[in-house]
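Q: Chains as they are written, first to last, in my numbering: chain A, 1 to 178; chain B, 1001 to 1178; chain C, 2001 to 2178; chain D, 3001 to 3178.
Virtual Cβ for every residue (Gly too), placed ideally from N, Cα, C.
Only a predicted model underlies this, so the values are computations on that prediction, with no experimental measurement involved.
Number of protein chains: 4
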Amino acid sequence: MKSWQARISIGFLAVALMTAPAAMAITAEEVEEAQATWGAGVVAIGAAYSDDGDYEAVAREHVETLYAFQMGDVLFKPTKAVEDQFRTTEEEAVSYFVGGNDDHPEDGGFALQPWTDVRFENEALYLTDDYAVAMGNYYFTPAEGGDPVKVEYTFGYMKDEEGNLRINLHHSSVPFPG
Amino acid sequence: MKSWQARISIGFLAVALMTAPAAMAITAEEVEEAQATWGAGVVAIGAAYSDDGDYEAVAREHVETLYAFQMGDVLFKPTKAVEDQFRTTEEEAVSYFVGGNDDHPEDGGFALQPWTDVRFENEALYLTDDYAVAMGNYYFTPAEGGDPVKVEYTFGYMKDEEGNLRINLHHSSVPFPG
Amino acid sequence: MKSWQARISIGFLAVALMTAPAAMAITAEEVEEAQATWGAGVVAIGAAYSDDGDYEAVAREHVETLYAFQMGDVLFKPTKAVEDQFRTTEEEAVSYFVGGNDDHPEDGGFALQPWTDVRFENEALYLTDDYAVAMGNYYFTPAEGGDPVKVEYTFGYMKDEEGNLRINLHHSSVPFPG
Amino acid sequence: MKSWQARISIGFLAVALMTAPAAMAITAEEVEEAQATWGAGVVAIGAAYSDDGDYEAVAREHVETLYAFQMGDVLFKPTKAVEDQFRTTEEEAVSYFVGGNDDHPEDGGFALQPWTDVRFENEALYLTDDYAVAMGNYYFTPAEGGDPVKVEYTFGYMKDEEGNLRINLHHSSVPFPG
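See below:
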């Protein structure tokens, strides 16, 4: 192949490189949608538990479809993990949500509270073509009544092959006491 | 300009796009170096304070050189911020480290403790060409003695034009009580 | 009444006042013994749980024999109670230690951790004939390993008819984060 | 001694036992009054600070008149003390309220927040002739706005020679995170 033809080929590649990511750009709306889905998932786990349903299956689907464990490492620090603060495997994440895991006796099952609503309040977003980060407070409404519980979060999202956002970063923490 | 010349130009651009990011790839070593620099900066602020030096200037340089406030939004949730949990401006970040800011009366000056050492223990990393995230615990050694204080963190780094890592994400939290 | 008769009366009064309370005086040793018994009780509940024993019965005896619910109001604020911070009935106290109470879904069972040791470190005591207060830190050693967990306490003790100390005040709290 | 003489003796003893303590009996109203005075004192320290007044003198009077340091040991665990959790001397207590004490660099001055209101909500009381204990939540309203901060307390009161309640026990803690 002649040199100028090679250059032309590369030229087309360049255009592809410049446009393809644009088509994948992550928007604030996508982040908000992913957050609403996550909140609904946590509520669904608790509802299955209250209704004597297969809440563990609901939790497993929650983790499998919303987190990025199948795409690589996930950086997950749940709110109430003490002994094992960081949950880098799918099993550890499921355990956090529903408990009953002998390897993690500390897990009472965060989602079994149960919660009837989760409301996100993003304070700041970082959006790129490949990655998005959201920081803010979320508020969990307990089924037994009382004020929603305020918790701080950072979520990091990447896109899977179907273009769905998946969480590969989740740092959740109780606010510093006043 | 003729069409094939245009294509050639784009071709050169493509090469630039394909090689430049590779040259910018963020490594674990770069992250660890950035963390060591951050820790040394916090210690330096406290040392300036103890020595009646211009600790506010040291803190300002710490924030200006290590965070990405000049490159866009920064997502910063310091450990001990209660009223204003999120610090998205440089002034708010400086206030957190040294206090004395009338707009943030809650800030006692985190770096004025002072601390004599900061040790990072990364639990997991997410490394890409453009962005890196590190999660783990850091341990702050108080000057007055006693055990190091354990704090959880997530740091997100981007590269500036000189190729230095800059923090555009910093979520710091006290561990959930046992 | 003649003067010598009055003196005799006063004499009896003096003897009565000086001896009766003296016989009931609460000592530091009694407080320490009561604390050791409480710690052993918490460990025993967890051991019964680990051994598939009747841990609820062990917990009930722990509460019935060491607290003063049958002598009047008990002021009890356990460490990890959030929704129902204060436990003023025996049922509420048992629930805190072993969970499984539909009225207190938040209770995971503090003593089921389980803990293998509880060590008291009194910081200050207030001792009178009728009442004693102890304040300090206690350290709970988790069965799954790791550092003992430090918790702050205030215990108030009164004596029952058999002369045993009973807890009518128990305020337990996690230390303020550093 | 003749039988009627013995009866007289016992009679005097009975009268003495029944009247003397009765005159010293501590009531719920006295406790509530002492709590209101304590809250007003904390607000007054902050107001003096805001008005560039001698807030340290106000804090010293607060501690001298409301606590029992001059009557014996005081068991005091303030909310935000980390390094020195327990404050058993008057100096340590004053330091907690207003800071500026080189021996306690951790003290930022709890009362300098400042707070504009303190509201007590007693959950349970233990009242005897000589001693009273109150347990509950108090709510501190920050001057800069925002929701009142909820804090848990146990207060123990004894009477001084003038019949005023004095705090010899004060355990204050942030609620366990939800």
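#1: Where Pro175/A and Tyr2067/C are concerned, what is the direct C-alpha to C-alpha distance, given to the nearest angstrom?
#2: In this structure, does DSSP put Gly109/A in helix, strand or coil?
#3: Would you kindly work out how many angstroms separate the C-alpha atoms of Tyr1106/B and Tyr2055/C, rounded to a whole number?
#4: Under 8 Å, with one C-beta from each stretch per pair, do the segment 2130-2138 of chain C and the segment 2075-2092 of chain C reach the 3-pair mark?
#5: Is it the case that the Cβ atoms of Phe1097/B and Gly1108/B are separated by a distance below 8 Å?
#6: For Ala1134/B, which of helix, strand or coil comes out of DSSP?
#7: Going by beta-carbon coordinates alone, are His1062/B and Asp1084/B separated by less than 8 Å?
#8: For His170/A, I'd like the list of residues in its chain whose CB is within less than 6 Å of its CB, leaving aside the five on either flank, ordered along the chain.
#9: Tell me whether Gly2178/C, by its Cβ, gets closer than 7 Å to a heavy atom of the ligand ATP.
#10: Are the C-beta atoms of Leu169/A and some chain B residue less than 8 Å apart?
#11: What do you reckon, are the CB atoms on Phe1120/B and Gly1039/B nearer than 8 Å?
#12: Which word fits Gln113/A, buried or exposed, when buried means at least 16 other C-beta atoms lie within 10 angstroms of its C-beta?
#13: What beta strand (DSSP E) runs, 3 residues minimum, are completely inside the segment 1045-1127 of chain B?
#14: Does DSSP classify Glu3162/D as helix, strand or coil?
#15: Using a Cβ cut-off of 8 Å (strictly closer), state whether Pro21/A contacts chain C.
#16: Any beta carbon of chain B sitting closer than 8 Å to that of Gly3046/D?
#17: Helix, strand or coil for Met1033/B, going by three-state DSSP, please let me know.
#18: Is there a C-beta anywhere in chain A that falls below 8 Å from the one on Leu1165/B?
#19: What is the DSSP secondary structure of Ala3022/D, counted as helix, strand or coil?
#20: Answer yes or no: does any C-beta atom of chain D fall closer than 8 Å to that of Val82/A?
#21: Restricting to Cα atoms, I'd like to know which of Asn2168/C, Pro2177/C, Tyr2153/C is closest to Thr2089/C.
#22: If you compare alpha carbons, which of Asn2137/C, Trp2115/C, Met2071/C is closest to Glu2162/C?
#23: Between the beta-carbon of Asp3117/D and the beta-carbon of Val3043/D, is there less than 8 Å?
#24: Between Asp160/A and Ile26/A, what straight-line distance do the alpha-carbon atoms span, to the nearest angstrom?
#25: Check this for me: beta carbons of Ala2028/C and Leu2127/C, under 8 Å apart or not?
#26: Can you find a CB in chain D that lies within less than 8 Å of the CB of Pro177/A?
#27: Note down the Cα distance separating Asn2101/C from Glu1091/B, rounded to an integer number of angstroms.
#28: Rounding to the nearest angstrom, what Cα-Cα distance links Gln1035/B and Tyr1157/B in this structure?
#29: Spell out the partners DSSP gives Val1151/B in its beta bridges.
#30: I'd like to know if Val1149/B contacts chain C, where contact means its C-beta is closer than 8 Å to some C-beta of that chain.
A: Checking against the coordinates, here is how it stands:
#1: 34 Å
#2: coil
#3: Going by the sequence as given, residue 1106/B is Glu instead of Tyr. Answer to the nearest angstrom: the Cα atoms are 46 Å apart.
#4: no
#5: no
#6: strand
#7: no
#8: Phe76, Phe155
#9: You won't find the ligand ATP in this model; it holds no ligand whatsoever.
#10: yes
#11: yes
#12: buried
#13: 1075-1077, 1115-1127
#14: coil
#15: The pLDDT assigned to Pro21/A is 43, lower than 50, so where the model puts this residue is not dependable, and the model offers no usable value.
#16: no
#17: This sequence places Glu at residue 1033/B; Met is not what is there. Looking at Glu1033/B - three-state DSSP - the assignment turns out to be helix.
#18: no
#19: Caution applies to Ala3022/D, whose pLDDT of 45 falls short of 50 and renders its modelled position unreliable; the value that the coordinates give is listed next. In the structure shown, Ala3022/D sits in a helix (DSSP, three-state: H, G or I).
#20: no
#21: Asn2168/C
#22: Met2071/C
#23: yes
#24: 12 Å
#25: yes
#26: yes
#27: 50 Å
#28: 10 Å
#29: Tyr1138/B
#30: yes
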